[in-house]
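What follows is one structure encoded as structure tokens, with my remarks underneath.
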Amino acid sequence: MKNLITLITIICLNTVVNAQDVTFTEQTITPTNLIYGISDVNGDYLDDIIIPKADNLFIYHQSTAGTLEMTTIPTTVTHGAEWSLAVADYDNNGINDLMYGAETGVSFLQANVDGTAFTENDTSTTSIFCQRGNFIDINNDGFIDGFMCNDESPNNYFINDGTGNFLPDNQGGIGDTPGGGNYGSIWFDYDGDKDMDVYISKCIAGGGTGPTDPRRVDQLHRNNGDGTFTDVAPAAGVDLGVQSWSTATGDFDNDGDMDLVVADQHNNEIGTKLMINNGDGTFTDMTMGSGFEGQDQSVTIVAFDFNNDGFIDIYAEFGQGIFLNNGDLTFTQNTTDILGRGTVGDINNDGFLDIKATTTDKLLVNNGNSNNYLTLNLKGIESNPNGIGAIITITGDFGTQVRHVQSGIGFLQAHTLNPHFGLGDAAQVTSVLIEWPSGVVDFIENVSVNEALFVEEGSNPILGISEISTNTTIELFPIPATTTLSINTSEILKPKARITSLLGVAINANIQNNTVNIQSLASGTYFLILETENGQRLSKKFVKE
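Reading the sequence shown from the start, the letters are residues -19 to -1, 1 to 526 in mature numbering (1 follows the signal peptide of the UniProt record, and there is no 0).
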């Protein structure tokens, strides 16, 4: 049976060398500001520089030649971008809009059809001491919602009514800690069920009563798939009292699941933590010997591959700024000192990520190296236009890499929305798998390197399941599975099923007591295709170890 199924299975080499250093060339960008963004704001997928001021929005538009030209757009807002800036197209007109977070509340700025004007169209109806804000489709209806961390009270939702307007803010079940302490929020899929969960970094002035004070104990809220969330941080082993303002997510060991680096902002009472995902809903503390022990005093932390070697690096305020991933869960400080915090994106479209520092007027342009890259430009159709919440998996000679599309990472700043992969010396990408929030799956083979790959949702269906719907009411467990796969659903299923590989090669399978025997399958990624008694066909992805 193993010979029947053809899979894209990559065996990574065990040889690890220290990561290649990153150097930058300085340019000057004015005016200076505490908060910047790097993201496309005119619909051409090229990263622009965003500088939100009280009465003006300064935008450095990137041209196709990689040059920057500043435009000044007058704005009138109730709440400025004092503590948070997030970017997404929340009215589905093809141009990204903005969310500002201030000490007094939230303002949403809606772009016109060409991004030459931004108008405040919604504000929070109550006072909110904002910290990190995110754009995310909370209820998975295809429209971008807003989420804002509240420093003094439970966190706030802003649900999009489908027209680009937000329903009155409400305090949901995420971060309901008396006294607040909610500083950082980052949305990612920690448990592999394809919906976005959220990690809340928490901090309290003066440290509170100590590491167990609930106002400073981080939370991991699992998305239950029905609009509700459950805090599973204690069970997952990430109920940390680090005093953190932000957490970075990324697949730091390239094993297919998302790990965490929790930044210590305080005084190294506990220290920054590297938490590695075990693949079973729990995390293991791998800080010792990683290069992060003893590191603290970082307001923001983000994860990107700065040297394009295929391993996600860390950018924080401690140490030399950039910690280069060696590929063995150790990190080496970059020799070039990057002062303070900043925002990340590709401002000259060369495939290497640049930094706009927020403590100076400097734009740090990555000098690059000989490594290759792949960038994606996504267009959602059933999902939100930016594909926020999509999960992208690529394979090649470099192994397997995963990215999540996220808006509002780190603290304060807005970073690029274009998924970016470093490829090392790989001359081709074997496959690109995009799992959209809607459940639509696109699969592309033999992709060229050193390009921006445009993908419209549904334009590249996997062979054999293009007419099949996904269904979020179906759960498969355990994930990954080894011998049997259990199905949890309220649907009445026919006894026959089909298992399809990424290349569309299919075999038949029998369902007995809502269980499928998969022992004979080779390790890899598959789709289980089911049929209900009423004739509906459904599919769900799973991983076989």
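All C-beta atoms, glycine included, are put in the ideal place defined by N, C-alpha and C.
Cβ pair residue i, residue j closer than 8 Å
i: asparagine 235; j: threonine 464; result: no
i: valine 242; j: threonine 228; result: yes
i: isoleucine 443; j: phenylalanine 402; result: no
i: phenylalanine 5; j: valine 346; result: yes
i: aspartate 132; j: glycine 161; result: yes
i: methionine 239; j: tyrosine 171; result: yes
i: leucine 466; j: valine 497; result: yes
i: glutamine 394; j: isoleucine 32; result: no
i: aspartate 277; j: histidine 247; result: yes
i: isoleucine 336; j: glycine 323; result: yes
i: valine 413; j: isoleucine 373; result: yes
i: valine 58; j: glycine 18; result: no
i: asparagine 352; j: glycine 405; result: yes
i: phenylalanine 287; j: valine 3; result: yes
i: glutamine 222; j: isoleucine 257; result: Checking the displayed sequence, the identity of residue 222 turns out to be glycine instead of glutamine. No, the Cβ-Cβ distance between glycine 222 and isoleucine 257 is not below 8 Å.
i: glutamate 50; j: glutamate 84; result: no
i: alanine 297; j: glycine 321; result: no
i: asparagine 204; j: aspartate 176; result: yes
Reduced DSSP category for residue i - H, G, I as helix; E, B as strand; rest coil
i: proline 215; result: helix
i: alanine 186; result: helix
i: asparagine 515; result: coil
i: threonine 6; result: strand
i: arginine 196; result: coil
i: valine 410; result: strand
i: threonine 481; result: strand
i: phenylalanine 285; result: strand
i: glutamate 448; result: Confidence is the limiting factor: at glutamate 448 the pLDDT is only 45, short of 50, which leaves the residue's position unreliable, though a coordinate-based value still follows. In the structure shown, glutamate 448 sits in coil (DSSP, three-state: anything other than H, G, I, E or B).
i: isoleucine 425; result: strand
i: tryptophan 417; result: coil
i: alanine 98; result: coil
i: methionine 392; result: For the record, residue 392 in the displayed sequence is phenylalanine; it is not methionine. Three-state result, phenylalanine 392: coil.
i: isoleucine -9; result: Confidence at isoleucine -9 is low in this model, with a pLDDT of 30, below 50, so its placement is unreliable and the value that follows should be read with caution. Isoleucine -9 falls in the coil class under three-state DSSP.
i: lysine 522; result: strand
i: alanine 503; result: coil
i: phenylalanine 110; result: coil
i: valine 87; result: strand
i: threonine 311; result: coil
i: valine 436; result: strand
i: serine 166; result: strand
i: threonine 465; result: strand
i: threonine 453; result: For threonine 453, the pLDDT reaches just 48, beneath the cut-off of 50, and the residue's location in the model is therefore unreliable, leaving the point undetermined.
i: isoleucine 303; result: strand
i: proline 12; result: coil
i: serine 20; result: strand
Integer-rounded CB distance, given that residue j should sit under 8 Å from residue i
i: asparagine 365; j: aspartate 118; result: 5 Å
i: asparagine 441; j: phenylalanine 424; result: 6 Å
i: glycine 145; j: glutamine 200; result: Not confirmed; about 30 Å, so no contact.
i: leucine 359; j: asparagine 367; result: 7 Å
i: aspartate 174; j: glutamate 456; result: 7 Å
i: alanine -1; j: asparagine 306; result: 6 Å
i: phenylalanine 116; j: isoleucine 282; result: Rounded, the Cβ-Cβ distance is 20 Å, inconsistent with contact.
i: arginine 113; j: tyrosine 164; result: 6 Å
i: phenylalanine 147; j: asparagine 136; result: That pair is no contact at about 15 Å.
i: threonine 97; j: leucine 90; result: In fact, because the Cβ distance is near 13 Å, the residues do not count as touching under 8 Å.
For residue j and residue i, the rounded distance between their alpha carbons
i: glutamate 448; j: serine 520; result: Note that glutamate 448 scores a pLDDT of 45, beneath 50, so its modelled location is shaky and nothing firm can be said.
i: serine 279; j: alanine 244; result: 6 Å
i: leucine 344; j: serine 388; result: 21 Å
i: glycine 86; j: aspartate 150; result: 11 Å
i: asparagine 495; j: isoleucine 460; result: 16 Å
i: glutamine 43; j: isoleucine 390; result: 22 Å
i: glycine 187; j: glutamate 363; result: 46 Å
i: valine 325; j: isoleucine 492; result: 48 Å
i: glycine 231; j: alanine 217; result: 17 Å
i: cysteine 184; j: isoleucine 40; result: 33 Å
i: isoleucine 76; j: glutamate 437; result: 16 Å
i: phenylalanine 523; j: alanine 462; result: 8 Å
i: alanine 478; j: isoleucine 510; result: 6 Å
i: threonine 107; j: tyrosine 138; result: 12 Å
i: serine 225; j: serine 182; result: 5 Å
i: leucine 310; j: leucine 27; result: 32 Å
i: aspartate 29; j: glutamate 274; result: 35 Å
i: threonine 453; j: aspartate 342; result: Low confidence applies here, because threonine 453 scores a pLDDT of 48, under 50, leaving its location unreliable; read the following figure in that light. So the two alpha carbons sit approximately 47 Å from each other.
Closer than 7 Å: residue i CB and nearest the ligand PLP heavy atom
i: arginine 518; result: This structure lacks the ligand PLP, and indeed carries no ligand of any kind.
Any C-beta of chain D under 8 Å from that of residue i
i: glycine 61; result: This model lacks chain D altogether, as it is built from one protein chain only.
Fill in: Whole beta strand (DSSP E) elements within the stretch 330 to 385, 3-residue minimum
335 to 338, 343 to 347, 353 to 360, 372 to 377, 380 to 385
Discussion item. For a minimum of 3 consecutive residues, which ranges assigned as the beta strand (DSSP E) are wholly contained in the stretch 226 to 271?
Written reply: 228 to 231, 240 to 243, 254 to 258, 264 to 266
Item to complete: Output the residue ranges of the beta strand (DSSP E) runs that lie fully inside the stretch 34 to 81 and measure 3 residues or longer, sorted by chain position.
Response: 37 to 43, 49 to 55, 65 to 69
Fill in: Start-end ranges of the beta strand (DSSP E) lying completely within the stretch 114 to 153, minimum 3 residues
126 to 131, 137 to 139
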